[in-house]
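One structure is given below, encoded as structure tokens.
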Amino acid sequence: MNKGIDNDFRIAADIGGTFTDVVFMSRNGVTYTRKLLSTPDNYTRAITDAIQEVFRDIGLSKTDISQILHGCTIATNAVLEHTGARTGLITTKGFLDILEIRRFRMPEIYNIRWNKPLPLSPREWRLEVNERMDYAGRIIRPLDLKETEEIIDQLVAKGIESLAVCLLHSYANPIHEQKIKEIVQKKYPNLTVSISSELIPVIKEYERTSETVVNAYVKPAVVKYMQNLEGTLQNIKGKGSLLIMQSGGGLMSVKAAMEKPVYIIESGPAAGVVGSAYLAKSLKIPNILTLDMGGTTTKGSIIENNEISLAPYYEVGAGISVASRLQSGGGYSIRVPSIDIAEIGAGGGSKLWLDKGMVLHVGPTSVGAKPGPACYDLGGTKPSLTDANLILGYLNPKEIGGGRIKLNKENSFKTVREQIAKPMKISTEEAAYGAHMIANSNMIRAISAVSTVRGRDPRDFVLFAFGGAGPMHAVKLAKEMEIKRVVIPPFPGLFSAFGLLFATIEYNFVETLYQRLDESQVEPVNKVWNEMKRKALIEVKAGDYGDLEVDFKKIMEMRYVGQSSELMIPVPWENLKPEHIPLLREAFSEEHFRTYGHKRADEPVELVNARLMAKLSNINISPEQIKTEQKIKATKKKEKRKAYFGKEFGWTDTTILGIDDLLENAIKGPAIVELNDSTCVVPPYAKVSQGPWGSIIIDIESTGGEE
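111 is the number of the first residue of the sequence shown in my numbering; add one for each residue after it.
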């Protein structure tokens with residue numbers, strides 16, 4: 111079977127902290143969507159409820175389904191909530207404390223009370239083996255198999271549930287790690303084991319150890335979740351395949367996700383960036399910043415020259431109170447390919463609260479799906495950002511989500527007035543607007559983390575805003591950052607689920623080379639890439655994807671000699687030749703200048719790691735087809751209601767629009783566009799029009815503003 115092509119419908123399901131989004135799309139572009147409250151007691155239930163509802167409504171059956179694509183946060187949640195497995199670690203003698211030593215980086219350099227996060231594998235669950243390998247993979251001290259078996263027995267007796275193995279220089283020779291894995295699998299077949307040489311065979315012992323421990327820590331939870339998901343969906347998907355979104359924006363099999371769950375740590379946020387890149391390229395917009403604001407968090411990312419930005423290093427578990435780039439050193443390091451995403455705890459469900467000094471805060475904690483914001487009338491008693499936006503007139507006062515969620519405005523007024531406004535001795539509207547602007551200020555940190563911190567000027571980019579709450583905040587945020595245009599993609603509240611439909615199936619390979627970038631040293635590089643390509647083709651064939659075309663992407667991780675961190679530089683040639691070396695050196699220097707503000711043309715450059723990505727195009731639809739085939743359930747509204755836009759504009763008569771109202775000329779704000787899955791707020795200093803394929807374009811005037 112040619113997966114993803116022969117059958118009619120593909121299903122994309124994205125689970126968030128507040129909502130679960132499901133999108134059906136056929137080969138000819140017919141699209142159906144469902145947005146349901148997430149079910150934290152069993153996250154898969156919301157997916158199956160949405161799928162079965164569509165089955166009933168349009169008469170589909172499991173024989174019509176070719177694929178189910180899924181983005182999840184199960185791995186991330188296990189780290190953030192410290193609910194992973196009891197994880198043991200076996201490492202080379204002398205490296206027992208590497209998880210505590212870490213790197214000398216602090217997210218808060220002036221906070222003398224800051225403490226490093228506790229290792230996911232406590233010291234009593236870590237043991238050493240007396241073996242040694244040199245940097246070239248030559249065995250200095252052989253592995254003692256009897257001693258190794260005794261060490262494994264000790265860890266099992268301590269009650270570990272998962273085991274990580276990371277030995278010195280195993281990237282150069284994995285034989286000792288492989289022997290330890292063989293012993294574990296033979297003697298304790300039910301104990302999950304992760305070895306670094308299979309996950310990330312590159313230099314830097316701390317990063318490799320950290321990633322292997324993270325993989326082992328989340329593996330049992332991910333395996334249980336995936337097995338439950340597959341079992342639950344078996345009667346729905348029939349013979350269709352189930353694919354999982356990776357942190358780097360590609361899709362992988364369930365089997366691969368269970369074996370290497372560290373690859374899906376940022377599975378959820380990645381899909382929206384993938385969808386944005388695909389849409390931006392179709393719209394001929396090369397440079398964009400993305401703003402994905404859901405119910406719990408907001409994510410920012412950057413796309414330049416229609417290329418998604420990958421991070422050479424990533425940290426998980428650093429907390430979500432500020433953007434990840436601003437917290438370097440605060441989490442657990444991983445080095446799998448990850449889209450460069452900065453995340454903060456600001457979403458529609460973010461709690462509004464006062465500290466002891468009566469200062470208003472928004473997030474990072476959330477009211478979640480249950481009980482949810484006070485206005486949902488499901489028992490919630492804490493004020494949230496959604497309650498604030500309802501008070502300001504931005505949300506439909508009666509219902510959202512296409513009528514699925516009824517709102518109780520009085521609950522919002524009561525909670526914000528009693529818990530925020532009265533203690534601060536301000537009006538309810540001032541409290542609500544203050545919360546709205548504080549959330550914007552927090553989100554600017556996420557956008558800045560992937561732009562200005564990297565030497566990019568946000569004014570040179572277009573802002574793509576999506577997520578259920580993103581279009582409500584995007585224009586004011588863009589105004590603050592002097593961004594002139596905002597694009598709201600079609601179905602913004604479900605756009606991360608849409609992004610899954612435009613992702614490619616992806617295999618990733620990496621190997622350390624550690625050599626000077628020199629014209630005489632191209633053959634060793636080509637040899638490594640050719641070997642990785644051979645392995646990729648074997649895995650692709652085993653995946654049974656029919657005649658899907660394989661596209662290879664090569665990346666070099668490079669640095670100036672003497673530096674300790676690398677930059678990723680794409681390599682566009684099939685085979686590296688001596689005449690390509692000056693071009694690569696120039697490309698590296700330019701990227702170094704863009705990132706750090708300086709370059710040294712006379713400084714020698716070294717190649718540290720070579721990466722290869724094998725991508726299989728899983729896309730069988732274009733935005734044009736979606737636009738011509740989909741049914742937009744919206745009516746012309748042209749209603750009015752009062753909305754508050756700060757002291758400069760106050761309470762203003764605001765035009766309420768449906769998507770069909772934008773088919774004619776551009777409409778000047780203030781206006782609010784109500785969609786089935788989101789709400790787009792257009793302040794008085796902006797004008798709104800409909801773009802191609804159901805997108806919404808908002809242009810911001812150079813004058814006017816808000817207090």
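For every residue, glycine included, the Cβ atom is placed at its ideal position computed from N, Cα and C.
Query	Result
Any alpha helix (DSSP H) of 4 or more consecutive residues that is wholly inside the segment 467-524	495-501
Val671 (DSSP reduced to helix, strand or coil)	coil
Residues that Thr143 bridges to, as DSSP identifies them	Val133
Secondary structure of Ala720, DSSP reduced to three states	strand
C-alpha distance - Glu811 paired with Gly458, whole-angstrom precision	27 Å
Cβ-based burial, Gln295 [other Cβ within 10 Å; buried from 16]	exposed
Counted within 10 angstroms of its Cβ, other Cβ atoms place Leu146 as buried (16 or more) or exposed	buried
Cα-Cα separation, Glu540 to Ala607	35 Å
Check whether Val364 and Ile374 have beta carbons under 8 Å apart	no
C-beta atoms of Phe755 and Tyr388 nearer than 8 Å	no
Alpha carbon of Gln673 to alpha carbon of Lys268, nearest angstrom	41 Å
Exposure label - Tyr424; buried when at least 16 CB within 10 Å	buried
Three-state class that DSSP yields for Asp173 in the structure shown	What sits at residue 173 in the sequence shown is Thr, not Asp. Reduced to three states, the DSSP call for Thr173 is helix.
Meets three-Cβ-pair contact criterion under 8 Å: the segment 467-477 and the segment 245-254	no
Neighbourhood of Lys409 by C-beta, 6 Å cutoff - its chain only, sequence neighbours within 5 removed	Pro379, Asp402, Ile451, Glu453
Strand pairing of Phe574, partner residues [DSSP]	Thr400, Val597
8 Å Cβ cutoff met for Ala753 and Leu502	yes
Leu677 beta carbon less than 8 Å from that of Phe698	yes
As assigned by DSSP and simplified to three states, the class of Met534	helix
Cβ shell of Ala185 (< 6 Å), same chain only, five flanking positions each side left out	Val328, Val332, Pro371, Ile374, Ile375
Whole-angstrom C-beta distance between Pro568 and Ile591, which should lie under 8 Å	Inspection of the sequence shows that residue 591 is occupied by Met rather than by Ile. With a Cβ gap of about 5 Å, Met591 and Pro568 count as contacting.
Where Arg120 sits in the DSSP three-state scheme	strand
Terminal residues of the beta strand (DSSP E) in which Gln625 lies	615-626
CB contact flag (Ser307, Pro284, <8 Å)	yes
Three-way DSSP call (helix, strand, coil) for Gln356 in this model	coil
Per-residue DSSP class, three states only, for Met666	strand
Check whether Asn68 and Leu717 have beta carbons under 8 Å apart	No answer is possible for residue 68: the residues shown for the chain start at 111 and end at 817.
Expected contact under 8 Å - CB spacing of Ser304 and Ala274 to nearest Å	5 Å
Met591, DSSP secondary structure in three states	coil
Sequence-distant residues of its chain with Cβ nearer than 8 Å to Gly801 (five each side left out)	Leu393, Val597, Ile807
Selection from Trp761, Glu758, Ala796, Asn152 that minimises the alpha carbon distance to Ala84	A query on residue 84 cannot be resolved here, the shown segment of the chain reaching from 111 to 817 and no further.
Ser176 to Gly382 span [Cα, whole Å]	22 Å
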